[in-house]
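Visitor: There's a structure below that I have some questions on.
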Amino acid sequence: MPFTRINSKMVEAQVHPGQRMFSQRGAMLAYRGRVTFTPSITGGQGGVMSMIGRRVANEATPLMVVEGEGTVMFGHGGHHIHTADLTGETLYVESDRLLAFDGSLRQGTMFMGSQGGVMGVIRGQATGQGLFTTTLQGVGSAAFLAHGGVIELPVTPQRPVHVDPQAYVAHRGEVRNRLTAALGWREMVGRGSGEAFQLELSGQGTVYVQASEEKL
Amino acid sequence: MATFRLQGTRVLAVDLAGEAVKAKNGAMVAYDGEMTFKKMTGGGEGLRGLVTRRITGEHMAVMEVRGTGTCWFADRATEINLVRLTGETLHVEASNLLATEPALRTGTTFTGLRGASQGNGLFTTTVEGSGQAAILSDGPAIVLRVTKQTPLTVDPGAYVAHTGNLRQHLQSALGWRTLVGEGSGESFQIRFEGEGLVYVQPSERTTIGGQL
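Protein sequence lines correspond, in order, to chains A and B.
For the first sequence, the UniProt record's numbering gives the first residue as 1, with consecutive numbering after it.
For the second sequence, the UniProt record's numbering gives the first residue as 1, with consecutive numbering after it.
Here it is, written out as structure tokens:
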């Protein structure tokens, strides 16, 4: 079920019997109807093994299960909310940016080091995003948070896009990411342009970039 | 020519075809094509610029962005306003200037006591020439016209930039109430007289005057 925008910082979702939704714990603002909120001890789908995986990967943001019948409004911290409707592809997003998503989406954890080897590991460290990221796959919708709104930039094989790691929010599709370093003597003497590390995204898909260089 | 366009209200997209634009250090959020980033130093070029910067403290950290493709800029989710200059001078706080076209010259001028009350130092940045400049404001800025008959008074913390032929002076309304800690929070104001435009943001920086 897709999310309905109420304003730039609030979304509404319909909940029907038999359909589950996951949301960040405490992100509910208001609801109508008979809706229950149960803390998800395993932090999402996939049972205990997935839970251990997420704990190890430090991608275990507390989640809750939303069930019942009615409409629920979500929002968090006054941050802007962006929604993405997935039709089979994969969305890569940091777990703490994930606000809510359909239970029909498969949740997973990906080791960023597997893309780009050593540089992937450095990427996680340099950007403060950690070595793992959350993936959502399947058919359904997801809502995620960004500071100051999001612009969507298309990535095509002819047009790779470079993103400031701090402004990167999420990406979807068949996109490879690679950290590129433009370190020169200027950075060494402390006169850098502030753009020493960039995330290069190539392939076919979309990247979401926020209008700020602040983490949530 | 470099073209500036706004994507939403908080992201500036700049299309480049080989030329260079000046932008606030670290304000790039994304680019495609080929871009190089080189740190420059504000306050004018050459040795004179260096001395000016050291003395004034108005060292706007600027980078030169050169290449072909599109580059997107944003800064802490603040709103972006495009200003087209046709020969006049734009006075703006260094921290509020996001990007300027290559044809524009930037420099530093003395503002007197007003600067200190704004929490921005005694100097301000000037942009001269013909072309577009992008300035930042915390919240959407409003543009207020000043004419000879209607002078304008603004809060130093909400002032962003001004253009045109304006004289400015700081006025204070300190009274015995301020001294006993019962001030209205509006003890200092900047008064603009002449002909021109003043950009004001719906937010106030923390200033010395704001506490009184």
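Beta carbons: idealized from backbone N, C-alpha and C, even for Gly.
Quantities reported herein were computed from a predicted structural model and do not represent experimental measurements.
(1) Is SER95(A) helix, strand or coil when you go by DSSP?
(2) Listing by chain order, which chain B residues have their CB less than 9 Å from the CB of LEU145(A)?
(3) Are any of the Cβ atoms in chain B nearer than 8 Å to that of GLU94(A)?
(4) Would you mind telling me which residues of chain B sit closer than 7 Å to ASP164(A), beta carbon to beta carbon, in chain order?
(5) GLU79(B) and ARG10(B) - do their beta-carbons sit closer together than 8 Å?
(6) Using only the alpha-carbon positions, how far apart do VAL200(B) and LEU144(B) sit?
(7) With three or more beta-carbon pairs closer than 8 Å as the criterion, would you say the stretch 147–160 of chain B touches the stretch 13–29 of chain B?
(8) Please report the straight-line C-alpha distance between TRP72(B) and VAL66(A), rounded to a whole angstrom.
(9) Let me check understanding here. Comparing Cα to Cα, which of PHE74(A), GLY203(A), LEU199(A) lies closest to VAL175(A)?
(10) Starting from SER172(B) and walking both ways along the beta strand (DSSP E), at which residues does that stretch end?
(11) Rounded to a whole number of angstroms, what is the C-alpha to C-alpha distance between PRO39(A) and VAL161(A)?
(12) LEU29(A) CB to nearest chain B CB: under 8 Å?
(13) When burial is assigned at 16 or more other CB atoms within 10 Å of the CB, is ALA23(B) buried or exposed?
(14) Let me check one thing: in DSSP terms, what residues is GLY75(A) bridge-paired to?
(15) Note down, in chain order, all residues in the stretch 6–28 of chain B with a beta-carbon under 7 Å from any beta-carbon belonging to chain A.
(16) May I ask you to list the residues that DSSP assigns as paired with LEU153(A)?
(17) Starting from LEU153(A), find everything on chain B with Cβ-Cβ shorter than 7 Å and list it in chain order.
(18) With distances taken from CA atoms, which of ASP138(B), THR126(B), ASN96(B) is nearest LEU104(B)?
(19) In angstroms, rounded to a whole number, what distance separates the CA positions of LYS39(B) and ILE142(B)?
(20) So what does DSSP say about ALA30(B), is it helix, strand or coil?
(21) Buried or exposed for GLU195(B), please, with buried defined as at least 16 other CB atoms from any protein chain shown within 10 angstroms of its CB.
(22) Mind listing the chain B neighbours of GLU214(A)? Cutoff is C-beta to C-beta under 8 Å, in chain order.
(23) Can you give me the Cβ contacts of GLU64(B) inside the same chain, cut-off strictly under 7 Å, excluding the 5 residues immediately before and after it?
(24) I'd like to know if the stretch 71–87 of chain A and the stretch 21–35 of chain A are in contact, where contact means that at least 3 CB-CB pairs between them fall below 8 Å.
(25) Does the Cβ-Cβ distance between VAL93(A) and ILE151(A) come in under 8 Å?
(26) How big is the Cα-Cα spacing for ALA134(B) and ALA74(B)?
(27) Kindly identify the DSSP beta-bridge partner or partners of PRO102(B).
(28) Count the other CB atoms within 10 Å of the CB of PRO156(B); is the residue buried (16 or more) or exposed (fewer)?
(29) Would you give the residue range spanned by the beta strand (DSSP E) that ARG34(A) belongs to?
(30) Looking at the C-beta of ARG159(A), does it have a partner C-beta in chain E at a distance below 8 Å?
(31) Give me the DSSP bridge partner(s) of ASP15(B).
(32) Please identify the residue among LEU82(B), THR89(B), THR106(B), ASN81(B) whose C-alpha is closest to the C-alpha of VAL62(B).
(33) The beta strand (DSSP E) spanning GLU88(B) covers which residue range?
(34) Could you check which residue in PRO17(A), GLY75(A), ARG20(A), ILE81(A) has the C-alpha nearest to that of GLY26(A)?
Guide: Taking the geometry as given:
(1) helix
(2) By Cβ distance, chain B contributes nothing, its closest Cβ being about 12 Å from LEU145(A), past 9 Å.
(3) So, not an interface residue.
(4) In chain order: MET28, VAL29, ALA30.
(5) yes
(6) 8 Å
(7) no
(8) 38 Å
(9) GLY203(A)
(10) Counting along the chain, the beta strand (DSSP E) containing SER172(B) begins and ends at 159–172.
(11) Straight-line Cα distance between these residues: approximately 38 Å.
(12) no
(13) Under this definition ALA23(B) is a buried residue.
(14) DSSP output for GLY75(A) lists no bridge partner at all.
(15) GLN7, GLY8, ARG10, VAL11, ASN25, GLY26, MET28
(16) Looking at the DSSP output, LEU153(A) sits in a beta bridge with VAL207(A).
(17) ALA30
(18) Ranking ASP138(B), THR126(B), ASN96(B) by Cα distance to LEU104(B) puts THR126(B) first.
(19) 31 Å
(20) strand
(21) exposed
(22) ARG76, ALA77
(23) ALA20, LYS22, LYS38, MET40
(24) yes
(25) The answer is no: Cβ separation not under 8 Å.
(26) The straight-line gap from Cα to Cα measures roughly 10 Å.
(27) PRO102(B) is not bridged to any residue.
(28) buried
(29) 28–40
(30) Chain labels in this structure do not include chain E; the protein chains are A and B.
(31) THR3(B), THR70(B)
(32) THR106(B)
(33) 79–92
(34) GLY75(A)
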